[in-house]
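Comments concern the structure below.
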Amino acid sequence: MKVRAPGKLLIAGAYAVLDGASALVLAVDRYAIADGDVRAANPTPEVLAAIKAEEAPEVDASALRDGPHKLGLGSSAAMLVASLGVAYARAGRDILDREVRDALFAEGRRAHATVQRGGSGVDVAASVYGGVLDYAIASDGAPLVRDAALPSGVVLKVFWCGEPASTSAMRARVDDLRARNAGAYRARLDGIASASREALAAGARGDAGAFLSAIRDGADALLALGHDADAPIFPASTIGLTRLALDEDAAFVPSGAGGGDVFVHVGRGPASTRFVDAAAVAGLFPVTMLLDSEGVRVLP
């Protein structure tokens, strides 16, 4: 038995999702694949928080990496979800059933948060449910997972920075900003939250122009947050690319917390040759992937 779980791209709502804002997250066809016939030699801490060591399956997450480096596509969440998928399938539970998926998500989110010392669970949701999602955390702490959409004609192109980023380190700098300047923190997160709401609304009504405008607004808010928090959410090599994307009526944003990992070019068509060449000069290179619409599932 093998079970696969997709990685994710978070293109709107980063940081603000921890404060209750909606985030726009996409599942991608880069998978962690758990092999239920092989016992894991070194289960990840997240897997061990949910499954006994002797029951943890071996997981191949090479598609979510560039050699030894994580690409920033939510590999720890995907490995956890694939492993839980094996456990659920062994127990005779249909992981395509929505109620079963809800239970798997809840268990995976708890285990992931325990090891990561918090987090929203947005990457776990993408790995479980797949597709395009509107993800938020309600005031009582309960996650809200709803289907979302991208407008017709919008094309995403993913670029790898060549350097892995530490989400926890970036969050620590943003948390420090909240402690020393609550007003600036609130203003920046409100900007990110507003842009994410606009992107989700534009996607729902199929308005590509408004969607791209909202993604750019979100990028601007993240750039300002990075400046105020002294956090390289946009590494220096990416600043010129954000301007070039704007010139081409597109947007260029980090997936998630930024600081490295992968960035996403969002436009009305494929990224131009000029943009791809400029990205290469800056040390960023395209990574091929498509949307995943299936979420976690047992492979034939």
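Count along the sequence shown from 1, then add 1344; that gives the number in the working numbering. Beta carbons are placed, not taken as given, at the ideal position from N, Cα and C, and that holds for glycine. In this text, all values refer to a predicted model and were calculated from it rather than measured experimentally.
DSSP three-state call for residue i: helix, strand or coil?
| i | result |
| --- | --- |
| I1481 | strand |
| I1439 | coil |
| L1566 | helix |
| L1634 | coil |
| V1640 | coil |
| D1467 | helix |
| R1461 | coil |
| Y1359 | coil |
| E1390 | helix |
| I1377 | strand |
| G1475 | coil |
Based on Cα-Cα distance, which residue from the options lies nearest to residue i?
| i | options | result |
| --- | --- | --- |
| A1397 | L1500, A1615, P1387 and A1469 | P1387 |
| A1568 | D1534, S1599 and S1557 | D1534 |
| G1351 | R1437, S1366, A1407 and K1501 | A1407 |
| A1393 | F1607, R1383 and G1452 | G1452 |
| D1403 | G1463, M1423 and G1429 | Per the sequence presented here, residue 1403 reads as Val, with Asp not at that position. Here the closest residue by C-alpha is M1423. |
| S1366 | E1507, I1536 and D1572 | I1536 |
| V1489 | T1617, R1587, G1474 and P1389 | G1474 |
| V1372 | L1448, F1607, I1559 and V1476 | V1476 |
| A1573 | G1603, R1587 and A1378 | G1603 |
| L1494 | S1419, I1355, E1638 and A1601 | I1355 |
Rounded to the nearest angstrom, what separates residue i and residue j at their Cα positions?
| i | j | result |
| --- | --- | --- |
| S1512 | V1468 | 17 Å |
| L1353 | P1598 | 9 Å |
| Y1375 | A1349 | 5 Å |
| L1585 | S1540 | 21 Å |
| A1548 | A1492 | 7 Å |
| A1589 | P1487 | 33 Å |
| D1519 | Y1529 | 9 Å |
| A1516 | S1496 | 37 Å |
| T1582 | R1461 | 29 Å |
| D1636 | V1369 | 11 Å |
| E1390 | K1346 | 19 Å |
| G1570 | D1484 | 29 Å |
Around the Cβ of residue i, are there at least 16 other Cβ atoms within 10 angstroms (buried) or fewer (exposed)?
| i | result |
| --- | --- |
| S1427 | buried |
| G1436 | exposed |
| A1526 | exposed |
| R1587 | exposed |
| A1385 | exposed |
Three CB pairs or more closer than 8 Å across the region 1471 to 1481 and the region 1358 to 1374: yes
contact_flag[the region 1455 to 1472, the region 1397 to 1413] where n(CB pairs < 8 Å) is 3 or more: no
At least 3 beta-carbon pairs within less than 8 Å: the region 1604 to 1623 vs the region 1491 to 1508: yes
Segment contact flag, the region 1544 to 1556 with the region 1575 to 1585, C-beta cutoff 8 Å, min 3 pairs: no
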